[in-house]
Amino acid sequence: MITSAFLHADLAHLFFNAFTFWAFAFPLERAIGTASFLALYFFGLLASDLGTYFKHRNDPGYQCLGASGAILAVLFASIVYFPSASIFILPIPVPIPAPVFAVAYLAYTYYASHHARGRINHDAHLAGALAGIAFVALTDSTTLGRALHFVLG
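Residues 1496 to 1648 (this note's numbering) make up the sequence shown, in order.
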């Protein structure tokens, strides 16, 4: 389950994971500290891999690659810590408020996981994103409350 995070399907997969990590990991690590950041990363990795394992444990041909679950845990924890941030997605030319992105991404990933086609493990993406939120809820509920207050008013 751990070693799959070091394997990627192709350079595009590696690039998107690395770019997302680069964009969100460093500010988040400064905010929560290195030990908590490492715990978050591995929590997201294990949560996403466990869900994939249980769903596909009887499918010997299923392959799971990449660190996307861990990366999404980092991204969603970052959104909780920095809810006033904006996210840029190419080719969309305008910034998207982080909470709007989070809700839209969760809705899309939930839909995609139930209508899966192709090689993308949307279940791992969804589990990783939710693991990032759960990690903050378990380790820093005050920050989660502050983010909810920011979003809900």
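The C-beta atom is built at its ideal place from N, Cα and C for all residues, glycine as well.
Selected residue, minimal CA-CA separation from residue 1510, among 1562, 1594, 1569: 1562
Among the candidates 1571, 1522, 1523, whose CA atom is the shortest distance from the CA of residue 1601? 1571
Using 10 angstroms around the beta-carbon of residue 1595, count the other beta-carbons present and answer buried if the total reaches 16, otherwise exposed. exposed
Within 10 angstroms of the Cβ of residue 1624, are there 16 or more other Cβ atoms? Answer buried if so, exposed if not. buried
Same chain only: Cβ atoms within 7 Å of residue 1547, ignoring 5 sequence neighbours per side: 1559, 1616, 1618, 1619
Looking at the C-beta of residue 1506, does it have a partner C-beta in chain C at a distance below 7 Å? No chain C is part of this structure, which consists of one protein chain only.
Do the region 1637 to 1647 and the region 1575 to 1588 make contact, defined as three or more Cβ pairs closer than 8 Å? yes
Going along the chain, which residues of its own chain have a beta-carbon closer than 7 Å to the beta-carbon of residue 1638, five neighbours each way excluded? 1575, 1576, 1631
How should residue 1535 be labelled, buried or exposed, when 16 other C-beta atoms within 10 angstroms of its C-beta is the threshold for buried? buried
So what's residue 1579 in DSSP terms, helix, strand or just coil? coil
Check residue 1522 in the structure and name its three-state DSSP category. helix
Beta-carbon proximity list for residue 1580, same chain, < 6 Å, skipping 5 on both sides: 1593
Which residue's Cα is closest to the Cα of residue 1567: 1504, 1541, 1554? 1541
What residues match up with residue 1592 in a beta bridge as DSSP calls it? 1581
What do you get for residue 1584, buried or exposed, if any count of 16 or more other CB atoms within 10 angstroms of its CB means buried? exposed
What residue from 1598, 1607, 1603 has the CA that sits closest to residue 1646's CA? 1598
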